[in-house]
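The listed protein sequences correspond, in order, to chains A, D, Y and V. The numbering of the first sequence is full-length UniProt numbering, which starts it at 1 and goes up by one. The numbering of the second sequence is full-length UniProt numbering, which starts it at 1 and goes up by one. The numbering of the third sequence is full-length UniProt numbering, which starts it at 1 and goes up by one. The numbering of the fourth sequence is full-length UniProt numbering, which starts it at 1 and goes up by one. So the structure is just underneath, and the comments pick up after that.
4 protein chains.
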Amino acid sequence: MADAGQKIRAGIFGASGYTGAELVRLLGQHPQVEITALTADRKAGQAMAEVFPQFIGRDLPALTTIREVNTDAIDVVFCALPHGTTQHVIADLMMDQPSLRIVDLSADFRLSDVAEYAKWYGHNHEALDQQKEAVYGVTELYRDAIVKTRLTANPGCHSTTAILPVVPLLRAGLIDTDCIVIDSKTGMSGAGRSASEAMLFSEVAEGLHAYGVGKHRHTAELDQEFSKAAGHEVLASFTPHLAPMIRGIYATIYLRTKGGASAGDVHKALADAYSGETFVQVLPLGQVPQSRHVRGSNNCQIGVVADRVEGRVIVISTVDNLLKGASGQAVQNFNAMFGFPESTALAISGMFP
Amino acid sequence: MADAGQKIRAGIFGASGYTGAELVRLLGQHPQVEITALTADRKAGQAMAEVFPQFIGRDLPALTTIREVNTDAIDVVFCALPHGTTQHVIADLMMDQPSLRIVDLSADFRLSDVAEYAKWYGHNHEALDQQKEAVYGVTELYRDAIVKTRLTANPGCHSTTAILPVVPLLRAGLIDTDCIVIDSKTGMSGAGRSASEAMLFSEVAEGLHAYGVGKHRHTAELDQEFSKAAGHEVLASFTPHLAPMIRGIYATIYLRTKGGASAGDVHKALADAYSGETFVQVLPLGQVPQSRHVRGSNNCQIGVVADRVEGRVIVISTVDNLLKGASGQAVQNFNAMFGFPESTALAISGMFP
Amino acid sequence: MADAGQKIRAGIFGASGYTGAELVRLLGQHPQVEITALTADRKAGQAMAEVFPQFIGRDLPALTTIREVNTDAIDVVFCALPHGTTQHVIADLMMDQPSLRIVDLSADFRLSDVAEYAKWYGHNHEALDQQKEAVYGVTELYRDAIVKTRLTANPGCHSTTAILPVVPLLRAGLIDTDCIVIDSKTGMSGAGRSASEAMLFSEVAEGLHAYGVGKHRHTAELDQEFSKAAGHEVLASFTPHLAPMIRGIYATIYLRTKGGASAGDVHKALADAYSGETFVQVLPLGQVPQSRHVRGSNNCQIGVVADRVEGRVIVISTVDNLLKGASGQAVQNFNAMFGFPESTALAISGMFP
Amino acid sequence: MADAGQKIRAGIFGASGYTGAELVRLLGQHPQVEITALTADRKAGQAMAEVFPQFIGRDLPALTTIREVNTDAIDVVFCALPHGTTQHVIADLMMDQPSLRIVDLSADFRLSDVAEYAKWYGHNHEALDQQKEAVYGVTELYRDAIVKTRLTANPGCHSTTAILPVVPLLRAGLIDTDCIVIDSKTGMSGAGRSASEAMLFSEVAEGLHAYGVGKHRHTAELDQEFSKAAGHEVLASFTPHLAPMIRGIYATIYLRTKGGASAGDVHKALADAYSGETFVQVLPLGQVPQSRHVRGSNNCQIGVVADRVEGRVIVISTVDNLLKGASGQAVQNFNAMFGFPESTALAISGMFP
């Protein structure tokens, strides 16, 4: 629990990527946080403002390697490192420094079934003990466990966007589990800052394409959460697309209801599920959300529309992939873990236009 | 049949919109066509280059009203007017001038069942005689009839994109007709040039949204063509989206096979269906198309990918909405109708980047 | 001066435009402000969240007409109305309610010489008394007067961007006043939310053009401020351009030094002028700013680069047109007027990417 | 001169870059050209359609190394290789194969003064003999020499855009040579296809910045051509910018007239200079061009506007950087060299929207 007057000392590991930069921006305006360590192994020695000029003039620690970090002097680590690497870093941290708490933005601790991890990621999990402590960090669904854990596994951006609207419907038994189609579109920033031909402006602007068709790794998170919510195995169809925009995830979800449930029933179940939540807004029945209206905020906006064919419902869900889809939810989880109001340092209204 | 040496005299009705401008661009480079009339009722009297500065320096007739056009002096009309208006204009043309041939880009003559027209468009069809002569203009599927008709009804942009890959599969009986989901994304130019708040740059850039959810009018074309191909009523799920790009339609189509058919079978059926076609390219099995690679061309590129779950296939189809999705296919149909090689004046390679 | 515990009651006039929405977003996170009135004459009766869905779930007053506002119940008005209209609204407010303070975002009170106003805006100024009280609101240059005034005239977006780097150089006598060229590029959101063909996505994306060439009204503000700073008439060359982006102003300024001054001297003068400022960052000599790094913040970043020809210097200045270029500076001015720290409710780091 | 019936055999060296792809697209629709060789050293062995899927279905030679090309079997080489490398490749070609003709798109043969080359490019020129034969390939200005040469040095994209409007004014002695400011904006495709962080979509979209400030290499071409046209050394100010678009160059040029010349005189000089040209359109006095209206065409559109201050004129020039700014002008030069109509295979109307 946070001690009044004393700030939480935060380290951000992997600060030279986009989710790292977003964490620095958010935590930089958090009244109870002091950023005391920033790491970026390949850019160690540089100032954060050299790597991200939006921070020119801000008072921030220089980038270091992970080894250089004095872990005694931090209370929480936000870990924005590549999967595979992450599990070793976090296992070491948790063993060396039992009081440390961690929000991990990689995929390493999201799958509770390590066989599934090995299948989707192509190598065995090597931090099995730590994995057992991990809580899957969709805040609204697992808040009670997040409050208590040492290790929150922040979900994938496509995953959060699809799980928030689908899980309550599965829990309520309202939908046919054999016929769930999730067509998800993301902005480019989700792909990170590593240079590759396919991510060049001239290759991405003025066009659209699907990727990872039939095999994207976020599918494993959907399988885990959907199956758990339904009480039996659920294998949705999921296809991610890259749209020519920087931020935003937009999932169009095609559902069929069970037992004569209507679009209105679906809408009511979602409105009830999120009625007390700051960051999830269920729009009036029939209203379609737009990704631009959540841009810059930690919000998830959800719309429910009846199809022309009875029994079919289209549910649409949208988040800012760098916020509710990554760093924003990470800070929300941090707030929950440390007893701060969940919206501290997070925008509750999108920056539009 | 075209007489060597004598050019076909073309009138473009509705030349101040985007499909009109694209027709002017294409026909302006057609060696057997002379553009002799351009209409735009509200901009009559202006030069085409004032309305579209890309034509500065080109020798083109001034814009007039439709009434001012001397229909004796034209052989073909490309009609790019709003639906509703169009049926009256075309009925008059066909009665007054029986030798005239028409390619209509509106929705007015696409639905052969006039009750369906009334249902989807909210008013009765008032050119029933002419409607009977109309041929639905997906060139590759209805070429024989297009060659002979006086009136080709050029299909909707979403419709062409979805019909080309799905119809051969329905004809071959390869797919479950109860479970077709078409998630289609379009660039902004398909919405035309009329000023509205929702189409402003600041409202469209850096975001994505669905529109017409559960009720878009192109659905009626899909119902007609899918049901005809399957031999019984087929009601697909179809949701169009607006992506922040000018050109391109990208349809992600979720299918389930019948009778143990594999993704390879689906791929083979499509490759066979379009093996001799200039403008339809079926990519190698597993390869995913991108809308940007057809931009500026009359091409449709189709990809087939197996899902991780057996029996599920993802088929992806993409066109340039202003070309194969509108004016390009109109010129292709014109070429077929007048006996020219179908690719005359049409780009066979996309302009990328 | 702000009374601890009691919030300032703010009215936003013209809340249905982009600067209005941005004011709602900013003031909605201001701990000492309560938004008590929102007006939009043509959308009166609607909820703010209907007009701008980013506010779904927020507790905001409904939109009303200006007449319906109880001016007794507000302490400050942010006025985001069209020029011409504004002067009448503000004159009435200031006469009826002497204790009210106003930040005006229109052009009506920016020019102290009413003959200049009449020349550039095409009609006489009709609130001459109020005009005399107005302070031109570039906060960093006129802070002392802003603190005391009832009426701050928030500057134009191009104006702020150019004035911040040029005025200190004119005051220091470092540059040739006969040879100032300002090539300014803006994002589309500066043009507002009124529907017009020229502002459609398909007309703005994938292209660039100048507008108002040789006659843009922000020129009048530059003339006023440059001449005042130099002590004699200065008529810079100024051309605005529209770039295919939502936010950002980027001014490339071509200067020639006087008396053998170097680019280093120019840089030092600017660095000194803004050394204590939160929102103006002068980059190291030779470093070029990018508009994206100030996006979402109230910052102005300034770079100074020597040309290959001695005596020529390129100075580059960039702001977010809706923040430091409009609503952000309005809130900064409000903070100054009411004794709050200037950065309250304003982002000090850009949201990149 | 081209022999009727026999096609010119063309090799494109460096076909895996954007200018290479554009050459393939253009020459692929040229009735008198057969593409017989495509090189890309690092992608040798791949099909062109693998590297650029817009060519799927087209009949093209596979990519090879340069060494593998049988130069006996080609009549013309389009060379789209990096500078430095190029001069060696071309020197070898010209010595080995005297009948071969070459259009070079690199910078290697643009500067006739090899000392200038060494200064701007940082190494000595090593193909001095070949350099002497090179003709600077702004077609409209050097057509007579281009027709006869073996080696055309295709100009830089910024260079063509600025030279076309400025050179006639210098030749006519209409402008003050001490005060030329060229503010140029380019789309991203000019930067090529090599992966780098600064060229990622998320780094380029929604923002604008200058680059190469005070030292961009195209300046050397401007110096050469402006000085030659004026008859004495002219050193313009030139700053290139990167705008968030794929294609287009847009140069805003600030001029001061000499001897009382008016904007009308400037306009007349340009209209006269280009009155017979297919690809250069001088707009009516006062009309401002937009880069989008030349997109996809080989056109250069030029506008002339009077500033509010007498004696100052703003001239604006725009091209598609990959066409008139690179591959389009290369094909235009090829057409001139081989006696074909200059517009063969080139679009004379922009593709807008």
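The beta-carbon is built from N, C-alpha and C at its ideal position, and this holds for glycine as well. Just so it is clear, the structure is predicted and the values come from calculations on it, not from any experiment.
Secondary structure at residue i, three-state DSSP: helix, strand or coil?
i, result
"C300/Y", "strand"
"T278/D", "coil"
"E68/Y", "coil"
"D104/D", "strand"
"F334/Y", "helix"
"M1/V", "Confidence is the limiting factor: at M1/V the pLDDT is only 44, short of 50, which leaves the residue's position unreliable, though a coordinate-based value still follows. Coil, per DSSP."
"residue 357/D", "Residue coverage of chain D in this structure runs from 1 to 353, which leaves residue 357/D outside it and unanswerable."
"V234/A", "coil"
"I175/D", "strand"
"L222/A", "helix"
"A306/A", "strand"
"V138/Y", "coil"
"A191/A", "helix"
"P284/V", "coil"
"M351/Y", "coil"
Taking the DSSP output, what are the residues bridged to residue i?
i, result
"Y254/V", "V181/V, I314/V"
"T39/D", "F13/D, T64/D"
"L169/V", "According to DSSP, L169/V bridges with nothing at all."
"C79/D", "F13/D, D104/D"
"P240/D", "S184/D"
"E34/D", "R9/D"
"Q290/Y", "H209/V"
"V319/D", "I249/D, C300/D"
"L200/A", "L200/V"
Could you list which residues in chain A have their beta carbon closer than 8 Å to that of residue i, in chain order?
i, result
"H267/D", "Neighbours of H267/D on chain A: none; closest Cβ ~13 Å, over 8 Å."
"C179/D", "C179"
Name, please, each residue of chain Y whose Cβ falls closer than 8 Å to the Cβ of residue i.
i, result
"M351/D", "The premise fails here: M351/D is roughly 12 Å from chain Y at the closest Cβ pair, so nothing lies under 8 Å."
What does residue i reach in chain Y if we use C-beta pairs closer than 7 Å?
i, result
"M95/V", "The premise fails here: M95/V is roughly 36 Å from chain Y at the closest Cβ pair, so nothing lies under 7 Å."
Can you name the residues of chain V whose CB is closer than 7 Å to the CB of residue i?
i, result
"M199/A", "L200, F201"
"S237/Y", "Y254, D307, R312"
"I246/Y", "E206"
So residue i contacts chain D; which residues on that side make the cut at Cβ distance below 7 Å?
i, result
"K119/A", "Within chain D, no residue comes near K119/A; the closest Cβ sits about 11 Å away, beyond 7 Å."
Could you please give the first and the last residue of the uninterrupted beta strand (DSSP E) stretch that includes residue i?
i, result
"T152/Y", "151-153"
So, does the CB of residue i fall closer than 8 Å to a CB anywhere in chain E?
i, result
"E206/A", "In the structure shown, chain E does not exist; the protein chains are A, D, Y and V."
Which bits of chain V does residue i rub up against, with CB to CB less than 9 Å?
i, result
"I146/D", "Per Cβ cutoff of 9 Å: no residues; I146/D is ~22 Å from chain V at best."
"G137/Y", "Residues of chain V passing the Cβ test: none, with the nearest at roughly 25 Å."
May I ask which residues mark the beginning and end of the alpha helix (DSSP H) holding residue i?
i, result
"L93/D", "85-96"
"V114/V", "114-121"
"A21/V", "18-27"
"K215/V", "Note, K215/V: premise wrong, no alpha helix (DSSP H); not H, not E."
For a contact defined as C-beta to C-beta under 9 Å, what are the partners of residue i on chain D?
i, result
"S291/A", "E206, G207, L208, H209"
Taking residue i as the query, report the chain A residues whose CB atoms sit under 9 Å from its CB, ordered along the chain.
i, result
"R193/V", "E197, L200, S202, E203"
Listing by chain order, which chain D residues have their CB less than 8 Å from the CB of residue i?
i, result
"Q329/V", "Simply none; closest approach about 16 Å."
"R295/A", "E206, G207"
Would you say the beta carbon of residue i is closer than 7 Å to some non-hydrogen atom of the ligand MN?
i, result
"G137/D", "Inclusion of the ligand MN in the displayed structure is not the case, the ligand content being empty and no account of it being possible."
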